[in-house]
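As you go down the protein sequences, you meet chains A and B in turn.
With the numbering used here, you'll find the first sequence wraps up at 339, consecutive numbering, no jumps.
With the numbering used here, you'll find the second sequence wraps up at 339, consecutive numbering, no jumps.
C-beta: ideal position from N, C-alpha, C; glycine also.
Everything on this sheet refers to the single structure shown next.
Number of protein chains: 2
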Amino acid sequence: MGDTHYRIDALQYANWSEKIFRQMREGGVDAVHVTIAYHENFRETVANIEQWNSLFERFAELIFQGKTGDDVRLARKSGRTAIFYGFQNPSPMEDDIRLVEILHTLGARFMQLTYNNQSLLGSGCYETNDTGITRMGREVIEEMNRVGLVVDMSHSAERSTLEAMEISSRPIVITHANPGFWEPALRNKSQAVLEGLAQTGGMLGFSLYPHHLKDKGDCSLESFCEMIARTAEIMGVDHIGLGSDLCQDQPDSVVKWMRAGRWTKKIDYGEGSANNAGFPPMPGWFKDNRDFNNIEQGLLDVGFNAEDTAKVMGNNWLGFFDHNFGPV
Amino acid sequence: MGDTHYRIDALQYANWSEKIFRQMREGGVDAVHVTIAYHENFRETVANIEQWNSLFERFAELIFQGKTGDDVRLARKSGRTAIFYGFQNPSPMEDDIRLVEILHTLGARFMQLTYNNQSLLGSGCYETNDTGITRMGREVIEEMNRVGLVVDMSHSAERSTLEAMEISSRPIVITHANPGFWEPALRNKSQAVLEGLAQTGGMLGFSLYPHHLKDKGDCSLESFCEMIARTAEIMGVDHIGLGSDLCQDQPDSVVKWMRAGRWTKKIDYGEGSANNAGFPPMPGWFKDNRDFNNIEQGLLDVGFNAEDTAKVMGNNWLGFFDHNFGPV
Chain A
12 MGDTHYRIDA LQYANWSEKI FRQMREGGVD AVHVTIAYHE NFRETVANIE QWNSLFERFA
72 ELIFQGKTGD DVRLARKSGR TAIFYGFQNP SPMEDDIRLV EILHTLGARF MQLTYNNQSL
132 LGSGCYETND TGITRMGREV IEEMNRVGLV VDMSHSAERS TLEAMEISSR PIVITHANPG
192 FWEPALRNKS QAVLEGLAQT GGMLGFSLYP HHLKDKGDCS LESFCEMIAR TAEIMGVDHI
252 GLGSDLCQDQ PDSVVKWMRA GRWTKKIDYG EGSANNAGFP PMPGWFKDNR DFNNIEQGLL
312 DVGFNAEDTA KVMGNNWLGF FDHNFGPV
Chain B
12 MGDTHYRIDA LQYANWSEKI FRQMREGGVD AVHVTIAYHE NFRETVANIE QWNSLFERFA
72 ELIFQGKTGD DVRLARKSGR TAIFYGFQNP SPMEDDIRLV EILHTLGARF MQLTYNNQSL
132 LGSGCYETND TGITRMGREV IEEMNRVGLV VDMSHSAERS TLEAMEISSR PIVITHANPG
192 FWEPALRNKS QAVLEGLAQT GGMLGFSLYP HHLKDKGDCS LESFCEMIAR TAEIMGVDHI
252 GLGSDLCQDQ PDSVVKWMRA GRWTKKIDYG EGSANNAGFP PMPGWFKDNR DFNNIEQGLL
312 DVGFNAEDTA KVMGNNWLGF FDHNFGPV
């Protein structure tokens with residue numbers, strides 16, 4: 012990677028538009044892992060890929076589909092942002108293990124084994140009972156390892172997460188969450204998970220989603236960056252990056268789909284509440300893709316040197332992309 | 012391509028097995044364009060691709076998925092056969108033009124615009140009225156040209172075929188048929204089609220399917236090779252190759268699916284008849300993939316020199332693959 016400082020965001024789910032793509036360019040964002048499915052089945056996911064192909068045609072001077080680490084380098088060289096696909100739930104593969112390879116061929120690079128609820132593969136973080144990785148889950152992890160589709164446990168329960176690390180022959184990730192020691196949200200992660208990630212060569216992406224932040228939207232940049240420094244002491248500085256969970260310009264109907272899908276007829280407020288049902292307001296220092304400079308400055312201000320700051324801002328994710336997006 | 016003589020078959024639809032893959036190796040076949048859909052819709056086609064992925068895993072020392080011309084060279088170097096996907100009907104793309112790119116990403120390299128009947132895109136060779144390329148057909152040809160999915164008019168009607176050549180900005184092909192001057196089968200092609208293919212840089216693949224042969228299964232090797240020599244006089248020696256249409260080991264139930272799909276409740280005999288409803292017997296000199304040597308010798312015997320024989324046996328197809336399987 013030499014002296015180049017890459018900037019990678021390991022999770023966004025925006026209401027994509029030319030405006031946002033131009034903000035990515037203003038913010039110097041070389042690559043973004045974008046969610047292309049929450050509860051969509053296979054055919055619905057293909058329809059979402061078709062929509063992305065339409066965006067790649069229309070905005071070819073701003074974005075293109077990323078498939079390998081080298082595409083991040085190509086993005087930097089050509090002044091564009093590489094878009095990498097991921098799923099927050101295994102619903103796109105339905106009950107069909109061979110769809111893992113098909114979806115990887117279509118560009119999927121991350122797949123969460125669960126999204127809050129129990130799935131065919133494991134337990135989500137909102138379930139009362141966490142029964143770990145299922146029989147099918149073991150098979151699917153092996154298949155994901157084979158083709159190079161990364162296991163993401165951001166919305167999974169503790170036991171399932173630790174078991175996934177043990178079963179997987181390749182490193183797994185938490186693309187978007189924070190340590191529970193800083194903010195004890197259900198979605199934030201335990202010391203055991205942080206240590207396990209570091210020991211197995213995995214990655215944690217720090218989230219800017221207000222429900223994952225201390226003081227939510229009022230969280231200070233200094234508090235966020237000090238939390239990163241404390242996490243680096245636990246995990247080392249090579250296993251951490253950003254996964255902002257930026258959900259820019261999304262209408263509240265989208266947060267309903269994310270939370271309730273087709274699994275309930277009731278309203279599920281997820282991390283919100285009846286009084287705060289929509290997307291919560293972001294902190295003032297991170298409103299959109301133009302604000303990554305603030306985080307970079309914040310990291311320098313709490314004492315990270317230039318090299319380690321570059322690691323957190325993207326170089327660590329690039330190293331991970333280089334080794335985990337294809338067969339071994 | 013230097014001095015290497017590649018051997019490529021531009022159409023087979025066998026009941027695939029280890030036996031056939033080993034016969035391909037014995038016959039020195041570097042690449043085969045295999046039909047993976049007749050009337051299958053998108054999801055059914057994906058299921059067929061899943062079955063191929065299963066074969067690629069099981070028989071990795073014999074076959075692998077081909078996507079580019081260089082994969083034919085890799086096949087030769089590694090002693091395997093590269094398998095290229097194609098459809099005999101546009102049914103896998105349903106009514107959705109954006110599935111063209113999705114299917115290309117999954118590996119499709121040839122698509123017939125029609126299979127005997129009228130499709131959404133054009134007229135098949137068994138229709139009474141040949142109304143040419145439809146409005147959607149024009150759009151789909153443009154999209155196929157953009158991504159590098161080759162237009163194949165093997166089962167199309169004359170006017171539709173000539174219009175496809177005119178509309179397409181890239182060469183089109185007839186992967187498997189013979190000239191009508193030799194055997195006036197409905198599926199064989201007119202002088203105008205042969206000349207048009209040659210003028211636009213397209214390719215004709217000579218078929219060994221008995222219904223396309225003079226004297227059917229009794230056709231002599233000499234007659235077949237003399238027909239090739241006469242075609243070379245019309246089209247030039249750079250635009251012809253093989254497309255055997257070998258349907259090895261298929262049960263008669265498969266020929267029913269090919270012919271009747273879901274479009275009729277009756278029995279359609281296609282090129283056969285009530286007395287001859289199944290797959291017709293192949294000529295004795297071309298029973299399976301081990302018999303390509305016979306054709307090579309037959310071409311030398313009717314006067315082709317070594318270089319031109321190599322062109323017909325595979326080098327012409329390789330040149331075509333090199334330029335037509337991706338964006339321009």
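Buried or exposed (CB count within 10 angstroms, at least 16 for buried), residue i
{"i": "B/S171", "result": "buried"}
{"i": "A/G228", "result": "exposed"}
{"i": "A/E307", "result": "buried"}
{"i": "B/G247", "result": "exposed"}
{"i": "B/S255", "result": "buried"}
{"i": "B/N326", "result": "buried"}
{"i": "A/A243", "result": "buried"}
{"i": "B/H334", "result": "exposed"}
{"i": "A/R69", "result": "exposed"}
{"i": "B/K30", "result": "exposed"}
{"i": "A/T275", "result": "exposed"}
{"i": "A/Q62", "result": "exposed"}
{"i": "A/P195", "result": "exposed"}
{"i": "B/Q259", "result": "buried"}
{"i": "A/A175", "result": "buried"}
{"i": "A/I278", "result": "exposed"}
Min CB distance residue i to chain B below 7 Å
{"i": "A/L117", "result": "yes"}
{"i": "A/E72", "result": "no"}
{"i": "A/Q23", "result": "no"}
Below-7 Å beta-carbon distance, residue i vs any chain A residue
{"i": "B/V57", "result": "yes"}
{"i": "B/I152", "result": "no"}
{"i": "B/E61", "result": "yes"}
{"i": "B/M12", "result": "The predicted position of B/M12 is uncertain, since its pLDDT is 44 and thus under 50; no value can be drawn from it."}
Amino acids of chain A, ordered along the chain, whose beta-carbon sits closer than 7 Å to that of residue i
{"i": "B/N64", "result": "R109 and E112"}
Partner residues on chain B for residue i, Cβ-Cβ distance less than 8 Å
{"i": "A/R54", "result": "F53 and R54"}
Check whether residue i and residue j have beta carbons under 7 Å apart
{"i": "A/L73", "j": "A/R54", "result": "no"}
{"i": "B/W193", "j": "B/M238", "result": "yes"}
{"i": "B/M147", "j": "B/L131", "result": "yes"}
{"i": "A/H50", "j": "A/G272", "result": "yes"}
{"i": "B/Q34", "j": "B/D299", "result": "yes"}
{"i": "A/V162", "j": "A/S179", "result": "yes"}
{"i": "A/L329", "j": "A/Q23", "result": "no"}
{"i": "B/D319", "j": "B/G289", "result": "no"}
{"i": "B/C136", "j": "B/L197", "result": "yes"}
{"i": "A/N64", "j": "A/I47", "result": "no"}
Check: residue i C-beta below 6 Å from any heavy atom of the ligand MN
{"i": "A/Q34", "result": "Within the structure as shown, the ligand MN is missing, as the structure has no ligands at all."}
Other residues of its chain near residue i: CB distance less than 6 Å, five sequence neighbours each side excluded
{"i": "B/G213", "result": "P182, I183 and V184"}
{"i": "A/H16", "result": "A321"}
{"i": "A/T142", "result": "S134"}
{"i": "A/F332", "result": "G80"}
{"i": "B/F32", "result": "F70, L73 and I74"}
{"i": "B/R109", "result": "none"}
Same chain, Cβ closer than 8 Å to residue i, neighbours up to 5 away in sequence not counted
{"i": "B/V158", "result": "V111, E112, H115, G337 and P338"}
{"i": "B/P101", "result": "M122, Q123, L124, T125, S130, L131, L132 and V151"}
{"i": "A/H250", "result": "L208, A209, G212, G213, M214, L215 and N327"}
{"i": "A/R241", "result": "P190, F192 and W193"}
Cβ shell of residue i (< 7 Å), same chain only, five flanking positions each side left out
{"i": "B/E138", "result": "N128, Q129 and A168"}
{"i": "A/S89", "result": "none"}
{"i": "A/L232", "result": "W296, N305 and G309"}
{"i": "A/A119", "result": "Y96, G97, F98 and L160"}
{"i": "B/A42", "result": "I19, G77, V83, A86, T92, A93 and F95"}
{"i": "A/T145", "result": "L131, L132 and G133"}
{"i": "A/W27", "result": "L66"}
Neighbour flag for residue i against chain E, beta carbons, 7 Å
{"i": "B/A288", "result": "Note that chain E does not occur in the displayed structure, where the protein chains are A and B."}
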